[in-house]
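Respectively, the protein sequence lines represent chains A and B. Counting with the numbering used here, you get residues 263 to 528 for the letters of the first sequence. Counting with the numbering used here, you get residues 263 to 528 for the letters of the second sequence. As structure tokens, the structure follows; a few thoughts come after it.
There are 2 protein chains.
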Amino acid sequence: MLIVGESLNSAIPKVGQAILNHDEAFVSDLARSQVEAGAEMLDVAAGMSGGNEPGDLAWMVRVVQKAVKVPLMIDTTGPGALEKALEIHQGKPIINSISGERKRLENLIPVVTRLSCGVVVLCMDDEGIPKTADKRLQIAHRVVNELIRKGMKPDDLYVDYLIMTVGADWQTAAISLETLSLIRKELPEVHTICGLSNVSFGLPAKSLLNAAFLSMLLGAGMDTFLINVRDKHVMASLRAAAVLVGKDPYCASFLKAYRAGRLKVD
Amino acid sequence: MLIVGESLNSAIPKVGQAILNHDEAFVSDLARSQVEAGAEMLDVAAGMSGGNEPGDLAWMVRVVQKAVKVPLMIDTTGPGALEKALEIHQGKPIINSISGERKRLENLIPVVTRLSCGVVVLCMDDEGIPKTADKRLQIAHRVVNELIRKGMKPDDLYVDYLIMTVGADWQTAAISLETLSLIRKELPEVHTICGLSNVSFGLPAKSLLNAAFLSMLLGAGMDTFLINVRDKHVMASLRAAAVLVGKDPYCASFLKAYRAGRLKVD
Numbered sequence: 263m264l265i266v267g268e269s270l271n272s273a274i275p276k277v278g279q280a281i282l283n284h285d286e287a288f289v290s291d292l293a294r295s296q297v298e299a300g301a302e303m304l305d306v307a308a309g310m311s312g313g314n315e316p317g318d319l320a321w322m323v324r325v326v327q328k329a330v331k332v333p334l335m336i337d338t339t340g341p342g343a344l345e346k347a348l349e350i351h352q353g354k355p356i357i358n359s360i361s362g363e364r365k366r367l368e369n370l371i372p373v374v375t376r377l378s379c380g381v382v383v384l385c386m387d388d389e390g391i392p393k394t395a396d397k398r399l400q401i402a403h404r405v406v407n408e409l410i411r412k413g414m415k416p417d418d419l420y421v422d423y424l425i426m427t428v429g430a431d432w433q434t435a436a437i438s439l440e441t442l443s444l445i446r447k448e449l450p451e452v453h454t455i456c457g458l459s460n461v462s463f464g465l466p467a468k469s470l471l472n473a474a475f476l477s478m479l480l481g482a483g484m485d486t487f488l489i490n491v492r493d494k495h496v497m498a499s500l501r502a503a504a505v506l507v508g509k510d511p512y513c514a515s516f517l518k519a520y521r522a523g524r525l526k527v528d
Numbered sequence: 263m264l265i266v267g268e269s270l271n272s273a274i275p276k277v278g279q280a281i282l283n284h285d286e287a288f289v290s291d292l293a294r295s296q297v298e299a300g301a302e303m304l305d306v307a308a309g310m311s312g313g314n315e316p317g318d319l320a321w322m323v324r325v326v327q328k329a330v331k332v333p334l335m336i337d338t339t340g341p342g343a344l345e346k347a348l349e350i351h352q353g354k355p356i357i358n359s360i361s362g363e364r365k366r367l368e369n370l371i372p373v374v375t376r377l378s379c380g381v382v383v384l385c386m387d388d389e390g391i392p393k394t395a396d397k398r399l400q401i402a403h404r405v406v407n408e409l410i411r412k413g414m415k416p417d418d419l420y421v422d423y424l425i426m427t428v429g430a431d432w433q434t435a436a437i438s439l440e441t442l443s444l445i446r447k448e449l450p451e452v453h454t455i456c457g458l459s460n461v462s463f464g465l466p467a468k469s470l471l472n473a474a475f476l477s478m479l480l481g482a483g484m485d486t487f488l489i490n491v492r493d494k495h496v497m498a499s500l501r502a503a504a505v506l507v508g509k510d511p512y513c514a515s516f517l518k519a520y521r522a523g524r525l526k527v528d
């Protein structure tokens, strides 16, 4: 199980502004608070209008890894920004993300196969995000096979089966859950990941929805959690769910978190 | 999806005492508060030392169905108590439970096959509760097949794959989850149920564990929930999880519960 903090993302207005301003204190604090809350890796994304992604992302990697000793998930689709960030990055990163889109594959495969890194594989292609679980699985198969042919190990691949908000389409989470089950069955050797907070976008009681979805996804075999680690409800549910799938021997981590007051939900 | 309130159970000391005293106000209030909280059916259990199960159970059925207009889950292993309760019961009950134990089968099959009722089938036999998911599935197969041969419909069967506390065995919930998946795959036409509150017995942060387990089990296909409906965290998680598995069209029930202040978790 790998816990990745989602918050250093330029799509969040306050964070985007801090990146534009190269506000080192803000970014360092957000890095530290996520690691303190339990993140073992941090996602960093710097793409936004008005910014200079290659320069901003490289700055972020430098600042974050000065503040905390964890590897990063480099969140970009630009090969230039990616190469620059990877030159600076310490340790083994995960690149977020490649997909079945022809151009993205052509641009990124030379970069990701040259280095020791993990790669997130999105289940979408040039026609967008398929509506059905079967078609998402087909894309995962195709891209995973291509990366393995190019020398990558299955253990370095993280298939993202894609989460959209149930606020716009009330059946979409069920399709994602079905896709996860298919991937666990058909590609058992790769990891699975998703941006689960998307599920509650635009809805009330977000923590409740995110926490319930997290438990469901862990139960269905997802092993890599890109989440808001500073959301107490979500993190407490992750600790409970880890017990329930038998990943917390003697409930030791759960009981330790309880004694530290970390299982309160409010 | 069927929501069954678990609280009218003589194993809970306060409830047991009220049953011994034939305290009609207490039992009626507990019935009403569960239905108000969302229960569509109520489990009733009267077996305890010092009591007279056939008389107590019949009294409970009468009192509860005077207080609320829902069918009951008659929770007993005694054929005498069962027959008496069934004579009084209004509507279609579910009998909780039969199992692979030879004597229990012989005693209960004539009763349950004579009436229009549902039956809970426990995945255990004369050797106790099997440690492995495969063996629990074998028992489910055997008992379900026997009941179908005797004329019962699969839609009237509720397989209970058995939940024990992770406080005593930290791997036990994972085995139950695996059993659920096997049953959903091998016996897709029957319902699945469990006494999920058992999972947190003896542990702190019970609501958190129960809520996380409920989301996980709904995601894995369980459709009948014997739960503490008066636990706000558990009920709010059930509403969230129902959205996520695509069982709440347009999130209408979820949004209605939110507006009514029913999604607060504390």
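Each residue gets a CB set at the ideal place from its N, CA and C atoms; glycine is no exception. Only a predicted model underlies this, so the values are computations on that prediction, with no experimental measurement involved.
Outcome for residue i when other beta-carbon atoms lying within 10 angstroms are tallied against a minimum of 16
| i | result |
| --- | --- |
| A291/A | The identity of residue 291/A in the sequence shown is Asp, whereas the question assumes Ala. Counting Cβ neighbours within 10 Å, D291/A comes out exposed, since fewer than 16 surround it. |
| S223/A | Given that chain A is displayed from residue 263 to residue 528, the structure contains no residue 223/A and the question cannot be resolved. |
| D337/A | buried |
| E368/A | exposed |
| N283/B | exposed |
| Q296/B | buried |
| N472/A | buried |
| N407/A | exposed |
| D318/B | buried |
| R398/A | buried |
| D493/B | buried |
| G342/B | exposed |
| D422/A | buried |
Inter-residue Cα distance where the pair is residue i and residue j
| i | j | result |
| --- | --- | --- |
| P316/A | G457/A | 23 Å |
| S477/A | M310/B | 36 Å |
| L384/A | R404/B | 43 Å |
| L334/B | N271/B | 12 Å |
| A430/A | L465/A | 10 Å |
| A320/B | G340/B | 13 Å |
| R501/A | L488/A | 15 Å |
| A307/A | A273/A | 8 Å |
| I265/B | A301/B | 5 Å |
| L370/A | L377/A | 11 Å |
| A503/A | L480/A | 7 Å |
| E451/A | P355/A | 19 Å |
| V527/A | P372/B | 48 Å |
| S499/B | A474/A | 6 Å |
| K518/A | D510/A | 11 Å |
| E448/B | C379/B | 23 Å |
| T313/B | T434/A | Note that residue 313/B is Gly in the sequence shown here, rather than Thr. One C-alpha to the other measures close to 51 Å. |
| I410/B | M322/B | 30 Å |
| S361/B | M386/B | 6 Å |
| G508/A | M484/B | 19 Å |
| E349/B | H495/A | 47 Å |
| P416/A | V330/A | 28 Å |
| L344/A | T486/B | 49 Å |
Sheet register partners of residue i (DSSP bridge)
| i | result |
| --- | --- |
| G267/A | L304/A, I489/A |
| L419/A | V381/A |
| D387/A | G390/A |
| C456/B | F487/B |
| I360/A | V383/A |
Close-in-space but distant-in-sequence residues of the same chain around residue i (CB under 6 Å, 5 per side omitted)
| i | result |
| --- | --- |
| S515/A | none |
| I391/B | L424 |
| K346/A | P316, A320 |
| C513/B | V505 |
| Y520/B | none |
| S359/B | V382, L384 |
| A522/B | none |
| Q352/A | Q327 |
| I357/A | I336, V374, C379, V381 |
7 Å Cβ shell around residue i - same chain, five flanking residues per side excluded
| i | result |
| --- | --- |
| D388/A | E363, R364 |
| A395/A | I437, E440, T441, L444 |
| F288/B | A280 |
| F463/A | T427, G429 |
| V491/B | I265, G267, Q296, A299, G300, A301, M497 |
| N460/A | I425, M426, T427 |
| V326/B | L270, V289, A293, L304, V306, L334 |
Residues near residue i in its chain [Cβ-Cβ closer than 8 Å; skip 5 each side]
| i | result |
| --- | --- |
| V482/A | Per the sequence shown, residue 482/A should be read as Ala rather than Val. Closer than 8 Å at Cβ, skipping near neighbours: L439, L442, S443, R446. |
| L525/B | A498, R501, A502, F516, A519 |
| A467/A | none |
Practice item. Any chance you could list the alpha helix (DSSP H) runs of at least 4 consecutive residues sitting entirely within the segment 291-349 of chain A, in chain order? Key: 315-329
Practice item. Report the residue ranges of all alpha helix (DSSP H) runs contained in full by the segment 425-470 of chain B; include only those spanning at least 4 residues, in chain order. Key: 434-448
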